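K.L.:
Handing you a structure now.
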Amino acid sequence: MRQLLVPQASVLVLSRDELARLAETWRGGDSGSDDDEDSDDDEPGDGDDDAPATASKAPARIPLPPGGDIVREEDHDPVAADALYLIRLGCEFVLVTGTIGEGDGGRANTLYSADGVVRHDGWRNLPGPFIGAGGTLSAAIAAFLAQGADTPNAVRLAQDYTHGALEHAQRYGMGKLVPNRTYRMQAI
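Each residue of the sequence shown is one higher than the one before, counting from 1 in our numbering.
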């Protein structure tokens, strides 16, 4: 399945934790993540927590792309190495959400291309757990790309939109906060 989807992606959006889990399929089990932080981050596009937990089993192996050796974690940042691995498989860009931000302990989203880091945008943590942040970010990127924006600009615009939607999120009942995707229309 991944061999069919990954090469078709213009922009693959996934959280740092999702990337580490996917990387287990080519690294042989160890995600290389020695980070015990809570994965319930609140940045634009961070992975949703509504995915069901799956039983632990040996993941299917993804073959190396032609001419590609696995970049060893000792030599490079494992997140960057894993993103570049996906790019060698055929993705044009990989956007990793929930990466480590600058100084203040915030989080960031990092866009990678074959040339390395294209953008690294920091975000302050917003209070509360969200559901739908990743879907909002992905849809916004697709919308800005459809309007003719180049990928780095579409990602920037989509992150700004998603951050605003999360700032204006609403809670329905006792559940998680849902991004308010119409917040800009309500200001008119």
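Glycine is no exception: its CB is placed at the ideal position from the N, C-alpha and C atoms. No experiment lies behind these values; they were computed from the predicted model shown.
Can you round the beta-carbon distance between Ser-196 and Ile-87 to whole angstroms, since I take them to be within the 8 Å contact cut?
P.N.:
A question about residue 196 goes unanswered here, because the residues of the chain that appear run from 1 up to 188.
K.L.:
My understanding is that Thr-162 touches Ala-143, with C-beta atoms under 8 Å, so please give their C-beta distance in whole angstroms.
P.N.:
About 11 Å; that fails the 8 Å criterion.
K.L.:
Just to confirm the assignment, what range does the alpha helix (DSSP H) spanning Arg-184 have?
P.N.:
First-last of the alpha helix (DSSP H) with Arg-184: 183 to 186.
K.L.:
So Ser-10 and Phe-93 are in contact, right, with Cβ under 8 Å, and what is the actual spacing, rounded?
P.N.:
With 8 Å as the limit, Ser-10 and Phe-93 qualify as a contact, their Cβ atoms being about 7 Å apart.
K.L.:
With the cut-off set at 8 Å, would you say Arg-171 and Asp-121 are in Cβ contact?
P.N.:
Contact flag unset, no.
K.L.:
Nearest by alpha-carbon distance to Pro-129: which of Pro-179, Arg-21, Ala-146 is it?
P.N.:
When each option's Cα is compared against that of Pro-129, the closest is Pro-179.
K.L.:
Decide if Asp-17 is buried, meaning its Cβ has at least 16 other Cβ atoms within 10 Å, or exposed.
P.N.:
Answer is buried; the Cβ neighbour count reaches 16.
K.L.:
Measure the Cβ-Cβ separation of Leu-19 and Val-96 and say whether it is below 8 Å.
P.N.:
The answer is yes: Cβ separation under 8 Å.
K.L.:
Can you tell which of Gln-8, Cys-91, Glu-167, Leu-137 has the C-alpha that lies nearest to the C-alpha of Arg-124?
P.N.:
Out of Gln-8, Cys-91, Glu-167, Leu-137, Glu-167 has the C-alpha closest to the C-alpha of Arg-124.
K.L.:
What would DSSP say about Arg-156, mapped onto helix, strand or coil?
P.N.:
Reduced to three states, the DSSP call for Arg-156 is helix.
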